[in-house]
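Going by this note's numbering, the first residue of the sequence shown is number 21, and it counts up by one from there.
Think of the CB as a built atom: it goes at the ideal place given N, C-alpha and C, for glycine as much as any other residue.
Before any comments, here is the structure.
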Amino acid sequence: LISNMSTSVTRGYALTAIMKLSTRFTCTVNRIKKVVSIYGSSIDVELQQRAVEYNALFKKYDHMRSALLERMPVMEKVTTNGPSEIVQTNGETEPAPLETKPPPSGPQPTSQANDLLDLLGGNDITPVIPTAPTSKPASAGGELLDLLGDITLTGAPAAAPTPASVPQITQPPFLLDGLSSQPLFNDIAPGIPSITAYSKNGLKIEFTFERSNTNPSVTVITIQASNSTELDMTDFVFQAAVPKTFQLQLLSPNSSVVPAFNTGTITQVIKVLNPQKQQLRMRIKLTYNHKGSAMQDLAQVNNFPPQSWQ
């Protein structure tokens, strides 16, 4: 402890060692107290902290010092050396017989994972069950939902690229099928009346509906935006959201400019999958520039004809 060649780590070990010896050699307790108290003002923070703690053991917790500094028993350890020889490392206890288990009949990755969980601590851990990986389409309407302010609505899922070769599965046509340049459906159920979803500040949004006879759960909505003012509406963006029980896909519009004086329209297609045949509700958001100002408006559409969702 007093050698100039000793490092702070060495002195820390030595200080701890003589502290433990205070319970074995009781005749040297007073001398150990003096040595420990010297390092209570050491410039080394680690040594000073240890010395202060050990001084507290001598003063306030002397009745607990023997138990705290009691000798730790050597850990029992049994190892094997060769096929049958057993080597006892500590020489204090007899080695426990080793159990031999037959090798497993085949590869069991699941049971190996469960064994690992058992070793990590407990029977309350759910066993590992291998599952097939699934793919989930990314949602593209999160920002829209925040703006619309309704947590029960879900945005339109983004169209995922179709893989080169996909095995045929006998399921009803899905919402995202049939996005080519061909007509959406070959057999359309006519007779669904159109509605005016929005009409304000010269901007008018009309919905026309189509239903497929092969997949009645899918409703195709074609929106037409017209402008009755004297100036064009530029950078026009139409967004929509539906409740979570529906699935919505918003296709790209044919233009971003709504011509003035109703000389043209913007056309955009919405596909809605309604497997539970619930009443259709929709929130829309309109963004455009008009007369040098950025315009933005929200609207709720609840007047869908029953033929469009029943």
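What's the gap between the Cα of residue i and the Cα of residue j?
i    : j    : result
R51  : M39  : 11 Å
G284 : T242 : 15 Å
Q316 : E230 : 28 Å
K305 : K297 : 24 Å
M84  : L77  : 8 Å
V55  : E90  : 20 Å
F281 : S246 : 8 Å
Y33  : T27  : 10 Å
V235 : S313 : Note that residue 235 is Asn in the sequence shown, not Val. So the two alpha carbons sit approximately 43 Å from each other.
D252 : V240 : 28 Å
T30  : S23  : 10 Å
P213 : T228 : 7 Å
Q68  : T36  : 12 Å
S328 : Q269 : 16 Å
Grouping DSSP H, G and I as helix and E and B as strand, with all else coil, what is residue i?
i    : result
I241 : strand
D82  : helix
I63  : coil
R231 : strand
E226 : strand
P325 : coil
M39  : helix
T249 : coil
N221 : coil
N143 : With a pLDDT of 47 at N143, under the threshold of 50, the predicted position of this residue should be treated as unreliable, though the coordinate-derived value follows. Three-state DSSP puts N143 in coil, outside helix and strand.
S57  : helix
T27  : coil
Could you check which residue in the options has the C-alpha nearest to that of residue i?
i    : options               : result
P326 : R70, M315, N294       : N294
A261 : T30, I290, L88, L251  : I290
A319 : T216, N233, S328, I58 : T216
T249 : T234, K220, L270      : K220
F256 : I286, S328, A37, T46  : I286
K20  : W329, K79, V277, S276 : The requested residue 20 is not part of the displayed model; the chain covers only 21 to 330.
T307 : F227, Y218, P93       : Y218
V238 : M95, F266, M92, L35   : F266
S61  : N75, T48, P263        : N75
Classify residue i as buried or exposed, calling it buried when 16 or more other Cβ atoms lie within 10 Å of its own Cβ.
i    : result
I63  : exposed
M338 : Residue coverage of the chain in this structure runs from 21 to 330, which leaves residue 338 outside it and unanswerable.
L223 : buried
A87  : exposed
F45  : exposed
S42  : buried
**Item:** Every unbroken beta strand (DSSP E) within the region 252-302, with a cutoff of 3 residues, ordered by chain
**Value:** As far as the region 252-302 is concerned, its whole beta strand (DSSP E) runs of at least 3 residues are 254-263, 267-270, 285-293.
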